[in-house]
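In our numbering, the protein residues as written are 4 to 303.
A short worksheet on the structure shown next.
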């Protein structure tokens, strides 16, 4: 507090990382109050942790009047850009959802079926849907306990007239390794001992067509194991299609750690409309949840 009082206009007082204090992650009121005494106003610019009710991102706001607290420029941009997708998007709206597991994206998929026109599904999670449709997926990553749910989501999409695109073909490998033997096969005809690690050329072409005819695009999650060079082409193709659609006037939001990494790796981050800094936070925001860090600023 003594240092804070000595701070002159134009100077910045940088505190130790609050996560080192046990009260931070517990949202401790006394700890939050002690930090609040250091300033006259509270500005939260940490979108990446807005989904966690921590002391310095949520609890602290109650110690400032509504007129003394607000969002930083990054937080404001994150909220505005995500709202463009979920509140009043230009159509058609295409969501590209990838990653390993259906269980990580259940709420997002349910929400997207309600308001997206097209949903492109890639990555490991696609094989749970393909198996639910009766496909033979070999040793591909499948959540067997989510097969019924996958069938329900596909049925719901049909009812809502939301088109779901699954990869018709896959780049398959005989082991999870960069040095594995690889082939391209139809995704529903993968033999035992082989696994799908990327979307194939037919899928890339079909996905590109859907993406490039969209007016609003949301991308969350890679199309394959893009960290391994032989299985990165699907994710690269998606990134190029999203950039191409954006150059033609579409609004594109890339959110979620791996898809952000892919766009940055390819040097295309300036060719999409907005790249989110928050993986989990963006996911929860798009699912329709009120994030504690945002609610605390907007509250009474």
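Each residue gets a CB set at the ideal place from its N, CA and C atoms; glycine is no exception.
The residue from 276, 259 and 248 with its alpha-carbon nearest to that of residue 288 is 259.
Inter-segment contact for the segment 221 to 232 and the segment 190 to 202 is present: three or more beta-carbon pairs are separated by less than 8 angstroms.
By the neighbour-count criterion, in which a residue is buried when 16 or more other Cβ atoms sit within 10 angstroms of its Cβ, residue 44 is exposed.
Residue pairing by DSSP places residue 189 opposite 172 in a beta bridge.
Collapsing the DSSP output to three states places residue 96 in a strand.
Here the segment 204 to 219 makes contact with the segment 82 to 99; the two share three or more CB pairs at distances below 8 angstroms. Setting aside the 5 residues that flank it on each side, residue 47 is surrounded in the same chain by 60, 74, 75, 78, 296 and 300, each with a C-beta closer than 7 angstroms to its C-beta; the list follows chain order.
Taking a C-beta distance under 7 angstroms as the contact criterion, residue 137 and residue 224 do not qualify as a contact pair. Between residue 267 and residue 5, the alpha-carbon positions lie close to 42 angstroms from each other. Ranked by Cα distance from residue 249, the options 270, 54 and 214 are led by 214.
Per DSSP, the unbroken beta strand (DSSP E) holding residue 202 starts and ends at 198 to 202. Look at the segment 76 to 155 and you find these whole runs of beta strand (DSSP E), each 3 residues long or longer: 96 to 100 and 121 to 124. DSSP, reduced to helix, strand and coil, places residue 256 within a strand of the structure shown. DSSP places residue 219 in no alpha helix (DSSP H) but in the uninterrupted beta strand (DSSP E) bounded by 219 to 223.
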